[in-house]
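Asker:
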């Protein structure tokens with residue numbers, strides 16, 4: 473609120489992290505390496521679930537809390553029709569790494 477009302481937006485990277493505007497701060501020479509690590513973590517998840525999660529977050533900006541929760545619940549329920557959901561649950565129960573097929 474302070475930034476909006478005062479127009480004070482001259483932040484360094486650490487301040488932006490403190491305010492929750494960025495999730496991580498890295499030195500410039502490590503930036504690409506860290507971005508690739510994060511992309512790798514995302515790529516190892518089920519693609520359908522990642523897409524649904526991204527859609528839920530994006531819709532949260534446009535919907536009321538009630539509508540957003542309803543939307544999220546419908547997406548969650550839809551995951552149960554995917555092969556990746558079944559694989560993820562099986563892998564969890566069997567204490568092994570999942571082998572997602574992105575379906």
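In this note's numbering, the protein residues as written are 473 to 575. Backbone N, C-alpha and C fix where the C-beta goes; we use that ideal spot for every residue, glycine too.
1. Sorted by chain position, which residues of the same chain lie with C-beta nearer than 6 Å to residue 544's C-beta, five sequence neighbours on each side aside?
2. Express the C-alpha separation of residue 575 and residue 523 in angstroms, rounding to a whole number.
3. Run the CB neighbour count on residue 572, radius 10 Å, all protein chains shown included, and call it buried at 16 or more, exposed below.
4. Go ahead and label residue 490 buried or exposed: buried means 16 or more other beta carbons lie within 10 angstroms of its beta carbon, across all protein chains shown.
5. Cutting at 7 Å between CB atoms, please list the residues of its own chain near residue 600, excluding the five before and the five after it.
6. Taking the beta carbon of residue 554 as the centre, do at least 16 other beta carbons fall within 10 Å, making it buried, or is it exposed?
7. Residue 497 and residue 485: beta carbons closer than 9 Å?
Answerer: In terms of the structure at hand:
1. 528
2. 12 Å
3. buried
4. exposed
5. Missing from the structure shown is residue 600; the chain here goes from 473 to 575 and no further.
6. buried
7. For residue 497 and residue 485, yes; Cβs fall inside 9 Å.
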